[in-house]
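Presented below is the structure to which this report refers.
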Amino acid sequence: MYHYKPPKELRALFIAHYAPLLLIILIGPLTAYYGVWEIPLPKLLSIVLGCIVFLLGTYVYFKWEIFWHKTYKGQLVTGGIFQYIRHPHYTSVLIVGFGLALFFYSVAACIIALIAIPIMIWSILDEEKVLVRQYGEPYKEYMKKVPWRMIPRVF
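Residue numbers (the numbering used here): 9 to 163.
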């Protein structure tokens with residue numbers, strides 16, 4: 009079995025893009041506990057929407073995770089969910105973060121989820137430089153074929 013070990017600079021970015029999610033998990037429940045920073049929506053609506061968004065993010069994550077582990081052996085992967093977006097993992101982490109922020113009905117957690125967007129974009133742009141170096145022309149062709157990094161027809 010092939011064991012992928014990302015380069016050190018990529019691992020640092022990987023950690024950086026999980027930091028907002030961890031902050032959401034830590035700060036979000038404080039809203040319920042202290043009754044502060046509440047989203048101006050009915051709590052039940054926010055919780056239900058949060059569950060739906062969280063489940064969507066979890067679905068995207070597992071579509072990526074299962075396909076990746078079944079398929080990746082060191083080659084460029086362009087099938088499965090990768091035929092629609094180039095970075096489904098980053099997408100899933102953002103969706104999960106927004107889902108948790110809504111679930112916790114926390115304005116502070118929503119702000120952290122928003123701050124996570126440029127962190128993810130920075131991570132993606134950095135990772136794509138590594139992928140171009142690693143795979144060369146095939147990755148550049150893949151970028152042309154699948155122009156959407158995270159959200160089809162948006163970004």
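We put the beta carbon where it would ideally sit given N, CA and C, even for glycine.
Keep in mind it's a predicted model, so treat the numbers as computed, not measured.
- The Cβ atoms of residue 88 and residue 99 lie no closer than 8 Å to each other.
- Our two residues, residue 55 and residue 161, have alpha carbons roughly 28 Å apart in a direct line.
- Three or more beta-carbon pairs separated by less than 8 Å link the segment 25–42 to the segment 120–134, which places the two stretches in contact.
- Beta-bridge analysis with DSSP links residue 73 to no other residue.
- Note on geometry: alpha-carbon atoms of residue 145 and residue 151 lie some 10 Å from one another.
- By the neighbour-count criterion, in which a residue is buried when 16 or more other Cβ atoms sit within 10 angstroms of its Cβ, residue 157 is buried.
- In its chain, beyond the 5 residues on either side, 154, 157 have a beta carbon closer than 6 Å to the beta carbon of residue 94.
- Counting other Cβ atoms within 10 Å of its Cβ, residue 90 reaches 16 or more and is therefore classed as buried.
- Apart from sequence neighbours up to five positions away, the residues of its chain that approach residue 84 with a beta-carbon distance below 7 Å are 143, 146, 147, 150, ordered along the chain.
- With respect to the 8 Å criterion, residue 35 and residue 117 are classified as neighbours on the basis of their beta carbons.
- When the five nearest sequence neighbours on each side are left out, the beta carbons in the same chain lying within less than 7 Å of the beta carbon of residue 105 are those of 28, 29, 32, 121, 124, in order along the chain.
- Judged by beta-carbon spacing, residue 108 lies within the 8 Å limit of residue 62, meaning their Cβ atoms are closer than that value.
- For residue 51, same chain residues with a beta-carbon under 6 Å away, outside a window of 5 residues either side, are 113 in chain order.
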